[in-house]
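Numbering of the sequence shown is given in the numbering used here, commencing with residue 155 and proceeding in unit increments. Ideal Cβ positions, reconstructed from N, Cα and C, are used throughout, including at glycine. All values derive from a computational prediction rather than experimental measurement. Okay, so here's the structure we're looking at.
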Amino acid sequence: MAVSLLLIIPFLAQASSLPDVDALAMKHPPRPDPYAKCVCEDADAASVMSFVGIVSDAQVLLGEDGRSPAARQATIFRVVKTVKGEVSNPARVWHMTAPEECGVTFDYGKRYDVRVIAVEDGLETSWCLKPSP
Numbered sequence: 155m156a157v158s159l160l161l162i163i164p165f166l167a168q169a170s171s172l173p174d175v176d177a178l179a180m181k182h183p184p185r186p187d188p189y190a191k192c193v194c195e196d197a198d199a200a201s202v203m204s205f206v207g208i209v210s211d212a213q214v215l216l217g218e219d220g221r222s223p224a225a226r227q228a229t230i231f232r233v234v235k236t237v238k239g240e241v242s243n244p245a246r247v248w249h250m251t252a253p254e255e256c257g258v259t260f261d262y263g264k265r266y267d268v269r270v271i272a273v274e275d276g277l278e279t280s281w282c283l284k285p286s287p
């Protein structure tokens with residue numbers, strides 16, 4: 155009996171030192187979903203192209219004030235593999251950056267599976283097409 159108590163006491167001491175879940179919730183309240191205002195339009199599956207690419211550069215345009223970046227920019231990908239459709243190499247992909255506008259961002263040097271549609275000025279992607287690393 156004494157041996158089993160010796161095994162239980164350290165466990166109880168460890169359990170009492172665990173953080174209180176309610177206390178953690180109060181320190182870090184849930185954040186609102188940044189994409190909650192994003193409204194996705196249905197894309198024709200036949201028009202969606204996809205490729206695997208590595209981010210090599212970006213084209214950032216100036217906003218209307220002439221100082222801050224515009225909401226829409228292009229990310230340049232070095233195409234590693236074309237999965238569906240015809241994609242030039244390098245591929246310039248336009249996208250919004252603000253989550254409430256279904257925008258996405260990409261990290262330099264990182265590899266992504268990118269889904270795009272053809273638009274008037276090239277290729278476009280969004281959170282709705284779900285590009286993923």
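Cα-Cα separation between residue i and residue j, rounded to whole angstroms
{"i": "Val-268", "j": "Ile-208", "result": "10 Å"}
{"i": "Ile-271", "j": "Cys-192", "result": "18 Å"}
{"i": "Ile-230", "j": "Ser-242", "result": "11 Å"}
{"i": "Asp-261", "j": "Arg-221", "result": "22 Å"}
{"i": "Val-214", "j": "Val-247", "result": "12 Å"}
{"i": "Gly-263", "j": "Gly-257", "result": "19 Å"}
{"i": "Ala-212", "j": "Arg-226", "result": "11 Å"}
{"i": "Leu-282", "j": "Pro-184", "result": "In the sequence as displayed, the identity of residue 282 is Cys instead of Leu. Going by the C-alpha atoms only, they are around 23 Å apart."}
{"i": "Ala-245", "j": "Asp-275", "result": "12 Å"}
{"i": "Cys-194", "j": "Val-206", "result": "23 Å"}
{"i": "Val-234", "j": "His-249", "result": "20 Å"}
{"i": "Ala-197", "j": "Gly-239", "result": "15 Å"}
{"i": "Val-114", "j": "Ala-199", "result": "What the structure shows of the chain is the stretch from 155 to 287, and residue 114 is not part of that stretch, so it cannot be assessed."}
{"i": "Ala-252", "j": "Pro-186", "result": "14 Å"}
Reduced DSSP secondary structure (H/G/I, E/B, other) of residue i
{"i": "Pro-184", "result": "coil"}
{"i": "Ser-242", "result": "coil"}
{"i": "Ala-252", "result": "coil"}
With 16 other Cβ atoms within 10 Å as the buried cut-off, status of residue i
{"i": "Val-237", "result": "exposed"}
{"i": "Ala-228", "result": "buried"}
{"i": "Ser-280", "result": "buried"}
{"i": "Leu-216", "result": "exposed"}
### Task
Return the chain-ordered ranges of every beta strand (DSSP E) run that is complete within the region 192 to 241 and spans a minimum of 3 residues.
202 to 216, 223 to 238
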